[in-house]
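Asks: This note's numbering numbers the first residue of the sequence shown as 1 and each following residue consecutively.
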Amino acid sequence: MALRITEIFYSLQGEASRVGLPTVFVRLTGCPLRCTWCDTTYSFTGGEAATIDSVLAEVRRHPARQVCVTGGEPLSQKDCLPLLTALCDAGYDVSLETSGALDISGVDPRVSRIMDLKAPGSGEVDKNRWENLACLTRRDELKIVLASREDYEWAREQVRSHDLPSRCPVLFSPAQGALAPTQLAEWMLEDGLDVRFQMQLHKLLWGNMIGK
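1) Runs of 3 residues minimum, wholly inside the stretch 121–156: which ones carry the beta strand (DSSP E) assignment?
2) Compare the C-alpha of Asp163 against each of Leu189, Ala180, Leu133 and name the closest.
3) My output table needs one value for Ile52: the three-state DSSP class, helix, strand or coil.
4) Within 10 Å of its beta-carbon, does Arg34 have 16 or more other beta-carbons around it, so buried, or fewer, so exposed?
5) Does the separation of the CB atoms of Ala101 and Pro169 fall below 8 Å?
6) Could you check what DSSP says for Ser43 in three-state terms: helix, strand or coil?
7) How far does the alpha helix (DSSP H) with Asp89 in it extend, from its first residue to its last?
8) Are there any heavy atoms of the ligand ATP lying less than 7 Å away from the beta-carbon of Gln176, as far as the coordinates show?
9) Roughly how many whole angstroms lie between the Cα atoms of Pro174 and Val159?
10) Does the structure place the stretch 101–110 close enough to the stretch 49–65 that three or more beta carbon pairs sit under 8 Å?
11) Starting from Glu186, follow the beta strand (DSSP E) in both directions and report where the run begins and ends.
12) Mapping DSSP to helix, strand and coil, what is Leu277?
13) In chain order, what residues of the same chain lie with their CB nearer than 7 Å to the CB of Phe213, ignoring the 5 residues before and after it?
14) Between Tyr152 and the rest of its own chain, which residues show a CB-CB distance below 6 Å, the 5 nearest in sequence each way excluded?
15) By DSSP, does Arg160 sit in helix, in strand, or in coil?
16) Along the chain, where does the beta strand (DSSP E) containing Arg27 start, and where does it finish?
17) If you run the structure through DSSP and keep just helix, strand and coil, what is Glu97?
18) Taking DSSP as the reference, what is the three-state secondary structure of Ser166?
19) Measure the Cβ-Cβ separation of Thr6 and Ser43 and say whether it is below 8 Å.
20) Leaving aside the five residues before and after Gly30 along the sequence, list all residues of the same chain whose C-beta is less than 6 Å from its C-beta, in chain order.
21) Among Glu58, Asp89, Gly177, whose alpha-carbon lies nearest the alpha-carbon of Arg27?
22) Whole angstroms are fine: how far does the CA of Val69 sit from the CA of Ala180?
What follows is the structure in structure tokens.
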């Protein structure tokens, strides 16, 4: 089995329910999407070849129980699934950050899937794989990044029409530089949505630094 790895690094988790926890990040190379607000375009190409064993060896160098497999879009590599299982077998608490454009049903059930739903402002709303919603459980989380009022109204409609909070926790995030965090917070308070506001902790601490 062969993987292409952009980077493996140790930092604080910046998003979702594990925010603030020391975490080893395994960033796989490649993504079929091109979201307008993407902050990891450097992971689209390149990377270095690695085996699952070599990834596990690197992960073990760091003192963390939490491992996050991210991208790019990690599920675009077929060996992502066995990597996730191997990390679970090794005793780690594993999460997967995925765009929601690819099938998540084959992911090891021990993994927490942090899945995006792409709003219109991403430029990739047509790539949402709606069948994935039926796969989500309370272990998973659904993240929607918003860049405008239009995005917010679209997301609010999805929350209501699909009763998303009954499936898993839902997170709204402002796209950096596009939507003021306080504006999004005010809209959420006005509507009383059963969703969580989040900002990216790692960017508050270190900015857009690679490897953080």
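Glycine residues also receive a C-beta, built at the ideal position from the N, C-alpha and C atoms.
Replies: In short:
1) Runs of the beta strand (DSSP E) inside the stretch 121–156: 141–146.
2) Leu133
3) helix
4) exposed
5) Note that the C-beta distance between Ala101 and Pro169 is not below 8 Å.
6) helix
7) DSSP places Asp89 inside the alpha helix (DSSP H), whose first and last residues are 80–89.
8) Although the ligand ATP was asked about, the structure shown includes no ligands whatsoever.
9) 16 Å
10) Contact fails: fewer than three Cβ-Cβ distances are below 8 Å.
11) Premise fails: Glu186 lies in the alpha helix (DSSP H), 181–191, not in any beta strand (DSSP E).
12) Any question about residue 277 goes unanswered here, given that the chain covers just 1 to 212.
13) A query on residue 213 cannot be resolved here, the shown segment of the chain reaching from 1 to 212 and no further.
14) Leu146, Trp187
15) helix
16) 22–28
17) strand
18) DSSP places Ser166 within a helical segment (H, G or I) once states are collapsed to three.
19) Here Thr6 is near Ser43, since their CB atoms are less than 8 Å apart.
20) So the qualifying residues of the chain are Gly72, Ser76.
21) Glu58
22) 28 Å
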